[in-house]
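K.L.:
Residues -12 to 576 in my numbering are what the sequence shown spells out, letter by letter. If you scroll down you'll find the structure; I have some questions about it.
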Amino acid sequence: MSTIIVPASEPAELLEPKGDPAGIDDFATVVFAVCSRHAEFADRAHAATAVPHYLGRTRRAYVRAAGRASAEQEALAQTARRVARTCAAHADTLRDLGRTHDDLVERKRHLDGRRAALADEIESSVEASEAQQIGWRLAAGHLKNDYARLVLDHDALQRRVRDAEELVRTCLAGGDALAEAVSETGGRSPSADEAMQMWGAPASGASPREVATWWEAITEEQREAVTAAYPDVIGSADGLPAGARDDANRILLQDDIVRLGAKQQDGSIDPREAEILANATHAYNALARADDYVDPLTDEPVGAKLWLYRPGLHDGDGKVAISVGDLDTADDVSVFTPGIDTEMADAERYTGLMANLHESARYNGDGSSVATMFWLGYDTPDGPADLATLGEGRAHDGGERLAAAIDGLRASRADDPAHLTAIGHSYGSTTTAYAFGEHGARADDVVLIGSPGAGPADHASDLGVGEDHVYVGRNSRDGVAFLGDEGWVGKGPVGLGADPSSEGFGATRFEAEDTGRGDHRDFGESHGSYLEPDSESLYNLGRIVDGHGEDINGADLSEDPWWRTGRDPEWDRDPSQDVPGRSRTNEPD
């Protein structure tokens, strides 16, 4: 028998990235708090420039000194913030590198098992046939190639470790002297600025697809640098992977929670900062809930993404989008747009509703992975008394923003597209209709629930996805869903376009009745019931999100005879007492 060479186990040692992510996070927390102290000093020094009791040269000297101190402290605050953000980003990077190292260890364990089995088989064979020897040589060759790939991946990991350490070193070195610390770029990595000057960088007017191409073109070290230096830009950049946006937005969230929390403790926080801190706290709690959520079939965490985080916008209402599930890898993705009077204070409730939708899609689906996201990226009307509720202006503007968000999601997965469903509730359904009917959004399915009107769309075909892929859910007791125009019967100033559940609109309606419904329409309980656990509506929404809209439990469209106002055939139907695929219930608080 000819000699069979079993390849050596390589690499000899898998080096583990050094560093304690939790300890680095703690350090970042301390530096964020230091940042707030410098900022407070800067504010007080600036206020001290108003000195009515001094005159002449004394006053001018005092004002100059106070102004100089204010500027220096503000610069120190910004440098401390850059250092804290870089350290927070480095902690996340270390966790990612640690997971990569664990994967390499598991691969090497598997390869070593194959190697030992091959060696034992060869050594225990007394007389091997030519076919067996050919098989062993092939197995040894495959094993050698797999070891070589492992060595290359280990080398790549070590390069990432060195680049990550160099990024932190550069940041700290850029602020370790007073002259550097008070400079405009103190603590910022030059590689971040270089990357942001490249073609396709976000905030340059680039399209989502161009931003996605830019991200693919820059190095891993540059990605980490721009995330640490420009988290506000990266966190809102349509076209970037959800994971990249999540990393940046979590840095911003930690910044706000720690820095403003320190100011709240010592009483130096102003009303606007207090509002931002309250929104940040709501986002933090909602994200924690999403992070803790586990798949109902596997009991494994599904991963959550903080896809959008802008707590200071829209007169304090803020912007936020959180997913239950991984938007970068899920087979089925849904984007839910809420309606009037929604603000960041509602983030926890909507995260719970997205967990309900995720469960429904998984329990009643075909096994595909799922990510469900609520998107509060527009300025919703403040309530029924807000005059904006009676008009479609906010829906028009919100539809444009929603179209950009959906375009960004699709661009970030151009080579691996998910089945995408857009769901709009209440005023959010009108916003969704504008995104698709006027601003060119594209998805696989569009769902309008509890809709006061479909805005610019007179027919399902106007939404650009094909009328067979437009679905509508209307609870017969939902007073808001009764406001839309039904055929020739107009509702005056209260409706926001055609009722999408009417027969003239041409959508596919599904059952959405409540078992405990009353005898009259209401504007509260019935209107908010569409994502309740074990409901008709939630079951059907789960089927649509999973890509099986053809399997919903359909309902007859509302009618509009010429001799009277519209009639809803669902009014007298007995709601189902036993919805298929009942879930374990992830009911919001």
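Cβ coordinates follow ideal geometry from the N, Cα and C atoms, glycine included. Values in this document were obtained by computation on a predicted structure and should not be read as measured data.
1) Less than 8 Å between the CB atoms is what I'm expecting for residue 460 and residue 433, so what's the real figure, rounded?
2) Which class does residue 314 belong to by DSSP, given the choice of helix, strand or coil?
3) To the nearest angstrom, how far is it from the Cα of residue 193 to the Cα of residue 187?
4) With 16 other CB atoms within 10 Å as the buried threshold, where does residue 4 fall?
5) Counting only the same chain and skipping the five closest in sequence on each side, list residues whose C-beta sits under 6 Å from that of residue 182.
6) How many Å lie between residue 443 and residue 529 at the Cα?
7) Alpha carbon to alpha carbon, how far is residue 628 from residue 386?
8) Got a sec? Which residues, its chain only, sit under 6 Å from residue 391 by beta carbon, not counting five neighbours each side?
9) Checking 7 Å against the spacing of the C-beta atoms, do residue 523 and residue 493 come in under that value?
10) Can you say whether residue 121 is buried or exposed, counting buried as having 16 or more other CB atoms within 10 angstroms of its CB?
11) Which residues mark the beginning and the end of the beta strand (DSSP E) in which residue 467 is found?
12) Hey, would you say residue 516 sits closer than 7 Å to residue 501, going by beta carbons?
13) For residue 252, count neighbouring Cβ atoms within 10 angstroms of its own Cβ and tell me buried if that reaches 16, exposed if not.
14) How far does the beta strand (DSSP E) with residue 446 in it extend, from its first residue to its last?
15) Measuring alpha carbon to alpha carbon, tell me which residue in 143, 146, 176 and 365 is nearest residue 156.
16) Please work out which residues of its chain come closer than 8 Å, Cβ to Cβ, to residue 571, disregarding the five sequence neighbours upstream and downstream, and give them in chain order.
17) Going by CA-CA distance only, name the one from 327, 314 and 201 that's closest to residue 403.
18) Measuring alpha carbon to alpha carbon, tell me which of 395, 397, 366 and 309 ends up nearest residue 382.
19) Pick helix, strand or coil for residue 494, following the three-state DSSP scheme.
20) Are the stretch 320 to 329 and the stretch 358 to 365 touching by the rule of at least three beta carbon pairs closer than 8 Å?
21) Taking three-plus beta-carbon pairs below 8 Å as touching, is the stretch 294 to 305 in contact with the stretch 263 to 272?
22) Whole angstroms are fine: how far does the CA of residue 273 sit from the CA of residue 267?
23) Which same chain residues, not among the five before or five after residue 99, have their C-beta less than 8 Å away from its C-beta?
24) Restricting to Cα atoms, I'd like to know which of 310, 373, 356 and 370 is closest to residue 342.
25) Please report the residue range of the alpha helix (DSSP H) in which residue 577 lies.
26) Mind checking who residue 309 pairs with in its DSSP beta bridge?
27) Alpha carbon to alpha carbon, how far is residue 147 from residue -8? Give it in angstroms, no decimals.
28) Enumerate in chain order the residues of its own chain whose CB-to-CB distance from residue 573 is below 6 Å, with the five nearest sequence positions on each side excluded.
29) In angstroms with no decimal places, state the Cα-to-Cα distance between residue 414 and residue 217.
30) Please confirm whether residue 320 and residue 409 have their CB atoms less than 7 Å apart.
31) Mind checking who residue 432 pairs with in its DSSP beta bridge?
32) Relative to the C-alpha of residue 431, which residue among 125, 465 and 406 is closest?
33) Determine the direct distance from the alpha carbon of residue 456 to that of residue 536, and round the result to whole angstroms.
34) How would you label residue 65, buried or exposed, when you count the other beta carbons within 10 angstroms and need 16 or more for buried?
35) Compute the Euclidean distance between the alpha carbons of residue 425 and residue 441, then round it to the nearest angstrom.
P.N.:
Quick look at the numbers:
1) Going by Cβ atoms, the distance from residue 460 to residue 433 rounds to 12 Å, so no, they are not a contact pair.
2) coil
3) Roughly 5 Å separates the two Cα atoms.
4) buried
5) 205, 209 and 213
6) 27 Å
7) Examination of residue 628 is not possible in this model, given that the chain is present from -12 through 576 alone.
8) For residue 391, where only same-chain residues beyond five positions count, the Cβ hits under 6 Å are 225.
9) no
10) exposed
11) Run containing residue 467: none; DSSP gives neither H nor E here.
12) yes
13) With fewer than 16 neighbouring CB atoms inside 10 Å of its own CB, residue 252 falls in the exposed class.
14) Here residue 446 belongs to no beta strand (DSSP E), and DSSP marks it neither H nor E.
15) 176
16) Confidence in residue 571 is poor, its pLDDT being 46 and thus under 50, which makes the residue's placement too unreliable to answer from.
17) 314
18) 366
19) coil
20) The stretch 358 to 365 and the stretch 320 to 329 touch, with three or more beta-carbon pairs separated by less than 8 Å.
21) At 8 Å Cβ cutoff, the stretches touch.
22) Distance between the alpha carbons of residue 267 and residue 273: 10 Å.
23) -4
24) 310
25) An answer regarding residue 577 cannot be provided, because it is not within the stretch -12 to 576 covered by the chain.
26) 293 and 361
27) The alpha-carbon atoms of residue -8 and residue 147 are separated by roughly 33 Å.
28) Because the pLDDT at residue 573 is just 44, under 50, the model does not fix this residue reliably, and the value given afterwards should be weighed accordingly. Here the set comprises 342, 343 and 346.
29) 33 Å
30) no
31) 408
32) 406
33) 8 Å
34) buried
35) 11 Å
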